[in-house]
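Beneath this line is the structure, given in structure tokens, with notes to follow.
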Amino acid sequence: MWSAFRLARLVAVVVSVGFSYGGFIGISRSDDPAHLKALGCGLLASLLLLHLYNCVRTADGRRPRAWQWTLAAQAVFTGVGLHLFASTWYGNTGFLAAAVLLLIRPVAAAWAGFALIVVVQFVSGLGVRPTVWEAAYLAIGHAAFVGVALYGVARFADLVGDMERTRTALADAEVARERLAFAQQLNERVGHSLEAIVRDGEAARTSPGAPNARDLLTDRLALARSALNETRSVAHSHRDGAPAPRPVACDLTATVVTGLGVAAVSLLVLSSPIRSIAQADASTGEIALYLGSLAVFLGLFLWCVRNGDDDGRPRLWRPALAAAFVVALAPELVFDHQVWYASLYLPALTLVLLRGWVRWAVTVPLIAQDLLTLLLLDFTIEGATVVDQTYGMVWMAERALVIYGFARMGRLVRELRDARLRLATVEVARERLRFARDLHDLLGFTLSVIVLKSELALRMLDRDEARALQELDDGLAAARQALADIEIVATGYREVALEDEVASARAILATAGFAVDGTVDTPRLTTEQSTVLATVLREGVTNVLRHSDGDHCALDVAVIGSRVRLRLRNDGVRPTALPPGAGLDNLAFRVRAVGGFLKGETLDDSYVLTAEIPLTVEEPPARVEPVRAPELSPGTAAASP
């Protein structure tokens with residue numbers, strides 16, 4: 000990206016200096032006295048420096064400081080030069096025209112200012128040129144062309160900067176759209192089940208001895224299991240792939256670039272040749288042949304510089320380039336070289352279309368074609384002096400660079416548009432993975448608690464009504480929390496305190512019939528660290544509930560040197576041929592994000608889940624919740640995921 004930006008700035012500087020070179024030659028060749036020539040060169044040098052300050056853009060595309068004053072100074076220098084050197088200053092008004100387009104806001108006002116400058120140049124030209132057509136040529140072929148060309152090459156740099164700054168906009172929009180779709184799907188597939196669970200639970204809670212209480216609890220349990228399965232299904236569906244991104248909303252930028260390119264090519268190819276045939280003593284047939292050849296050449300030229308395949312070149316560019324050479328050279332058999340000189344525009348095509356050493360082997364001789372004809376055929380258009388030949392080569396080279404800049408802009412729009420599409424796809428894929436992780440880690444645990452509490456309430460309904468009511472209340476609280484968690488999952492993962500999760504884990508495991516022991520020394524952790532370890536503990540407890548047939552579980556949290564270690568062990572590992580699910584992958588991702596590691600291993604009939612993260616706080620660890628437990632017997636550990 001930065002190499003493209005540097006290229007854009009280089010093109011802008013080189014083209015600006017190239018356009019000013021012709022102005023210096025015009026002033027030096029005028030009939031003005033030496034002191035006026037010196038004044039004219041000083042004015043033009045100042046104008047060039049002001050233009051470079053105003054129009055050679057920074058990476059962020061901001062207008063330079065005090066641009067109002069520098070633009071005003073540029074207008075003054077342009078006006079003075081136009082007044083004093085009307086016969087040679089006409090191309091230099093293009094610098095001011097480009098600056099107005101680049102600096103004035105809104106766009107309509109900028110183009111109005113551009114048009115005003117062209118009109119002023121036309122009025123000035125009426126005083127030094129014999130016909131209206133000649134004055135129009137100065138205004139359109141020089142002032143307007145130079146303005147559009149300089150504006151375009153400056154916008155080349157702006158395009159890179161603007162697209163770089165805004166390339167994440169599409170990704171943000173796609174992620175927002177994905178979140179909305181995810182929230183809707185989650186609400187439809189899980190939220191409705193949770194709402195039904197709450198309704199059935201509240202009904203059973205109101206009349207626990209009613210005949211239909213058992214049916215309500217049974218339905219509630221079925222709904223809880225269904226919601227848990229749906230949660231897993233939604234999570235797994237959002238782990239795979241990403242939706243195809245929609246088209247990028249940057250067609251207007253591409254249209255503007257194309258329009259500027261067509262305008263620049265048309266002004267370049269048409270203005271001088273039409274003036275030449277209008278001045279020539281040609282018959283009607285010759286004029287028709289001339290204009291027809293010019294139209295064909297313009298069409299081939301536009302085709303050759305348009306955006307094409309992956310390498311930026313259009314289809315059939317080789318025969319199109321060959322045809323452009325034929326059309327550029329064949330009319331010279333009929334017309335004098337002073338009238339038909341389309342070959343001067345060929346370097347632009349070879350610079351755009353050719354690659355590698357072939358580009359320069361062909362383009363450089365084409366730029367020096369007038370010098371070659373002078374040396375080989377004793378024939379020249381520009382003149383025989385060094386200044387004449389230098390001016391001719393600069394004239395062709397700068398126009399070739401202008402066309403190259405516009406062609407490169409078009410390709411850059413497409414490349415950056417594709418890059419934004421790829422970025423959106425990547426960001427949406429990341430968001431889908433976040434959905435899956437958060438859904439699995441947050442809702443999966445809560446729904447497991449609801450299932451457990453519903454089963455206990457159903458079993459206790461006939462034996463211990465008070466216990467059944469307590470389990471029912473706990474399940475209702477979990478269901479309400481799960482409903483709230485749906486919104487949390489769709490917007491971002493919530494913060495979870497490790498201390499709170501330790502207390503919750505002990506209560507849930509005890510309710511499920513596990514004897515919980517171990518030592519918990521929780522240091523001061525950052526919010527992110529606490530949430531990560533709490534998430535590991537939550538997933539570990541969920542796996543114990545799902546996969547363990549044991550009755551002992553050990554929970555240890557300790558500071559080991561400069562690291563914090565959480566270890567969960569349980570016995571009663573249930574043999575299974577099923578592959579592990581997404582839980583450990585999610586946990587490993589979260590733990591690695593804070594510089595730690597996660598390990599799960601099976602020892603005999605026990606499973607050990609260990610997470611370690613670096614302790615980044617500078618204060619010594621504060622013992623928040625010391626809990627001493629008996630020594631672990633050889634078989635206590637956490638469930639296999």
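Numbering that gives the first Met the number 0 applies: residue 0 is where the sequence shown begins, and numbers increase by one.
Glycine included, C-beta positions come from ideal geometry on N, C-alpha and C.
Computed from a predicted structure; not experimentally measured.
Helix or strand or just coil, what does DSSP make of residue i?
i      : result
His141 : helix
Tyr606 : strand
Asn569 : strand
Ile116 : helix
Pro613 : strand
Gly512 : coil
Phe18  : helix
Gly549 : coil
Asp555 : strand
Glu381 : coil
Phe23  : helix
Val563 : strand
Thr601 : strand
Phe334 : coil
Val519 : strand
Phe596 : strand
Pro63  : coil
Trp356 : helix
Arg56  : coil
Thr530 : helix
Between the Cα of residue i and those of the options, spot the shortest distance and give me the residue it belongs to.
i      : options                        : result
Pro63  : Ile26, Leu101, Val131          : Leu101
Glu538 : Ile507, Arg562, Gly22          : Ile507
Leu42  : Phe18, Ala33, Thr77            : Thr77
Ser529 : Ala514, Ala107, Pro522, Leu497 : Leu497
Gly260 : Ala347, Trp339, Trp316         : Ala347
Ala72  : Ala322, Arg5, Cys552, Ser45    : Ser45
Ala138 : Ala107, Gln67, Ser271, Ser29   : Ser271
Ser265 : Val152, Gly140, Val357, Ala321 : Gly140
Asn91  : Gly599, Gly112, Cys40          : Cys40
Arg523 : Gly549, Val558, Leu38, Lys36   : Val558
Gln368 : Ala383, Arg354, Gly355, Asp31  : Ala383
Asn53  : Gly80, Arg8, Thr601            : Arg8
Phe144 : Gly124, Phe113, Ser123, Trp132 : Phe113
Asn569 : Arg562, Ala587, Asp584, Asp548 : Asp548
Thr541 : Leu371, Leu608, Pro129         : Leu608
Leu48  : Ser27, Ser15, Thr57, His34     : Ser15
Look at the alpha carbon of residue i and the alpha carbon of residue j, and state the distance between them as a whole number of angstroms.
i      : j      : result
Phe94  : Val12  : 12 Å
Ala668 : Ile116 : The question about residue 668 has no answer, for the chain in this structure spans 0 to 640.
Phe84  : Phe378 : 31 Å
Glu285 : Ile273 : 13 Å
Gly25  : Thr87  : 5 Å
Leu269 : Val75  : 31 Å
Trp362 : Ser29  : Residue 362 is actually Thr in this sequence, not Trp. In a straight line, the C-alpha of Thr362 is about 32 Å away from that of Ser29.
Thr257 : Gln388 : 33 Å
Val495 : Ala465 : 31 Å
Ala263 : Ala148 : 6 Å
Phe513 : Gly599 : 20 Å
Ala322 : Leu299 : 7 Å
Phe405 : Leu70  : 25 Å
Lys36  : Met395 : 25 Å
Val55  : Gly17  : 14 Å
Phe324 : Ser342 : 7 Å
Ile103 : Gly355 : 40 Å
Phe121 : His50  : 22 Å
Ala142 : Val295 : 26 Å
Thr130 : Asp280 : 16 Å
Between the beta-carbon of residue i and the beta-carbon of residue j, is there less than 8 Å?
i      : j      : result
Leu267 : Tyr344 : yes
Asp555 : Val501 : no
Asp499 : Ala553 : no
Ser275 : Val338 : yes
Gly124 : Ala108 : no
Val10  : Leu400 : yes
Leu565 : Val593 : no
Asp604 : Gly571 : yes
Val385 : Tyr20  : no
Gly311 : Arg154 : no
Trp68  : Ala277 : no
Arg462 : Val531 : no
Arg413 : Asn306 : yes
query: Hey, is the stretch 333-341 in contact with the stretch 349-358, meaning 3+ C-beta pairs nearer than 8 Å?
result: no
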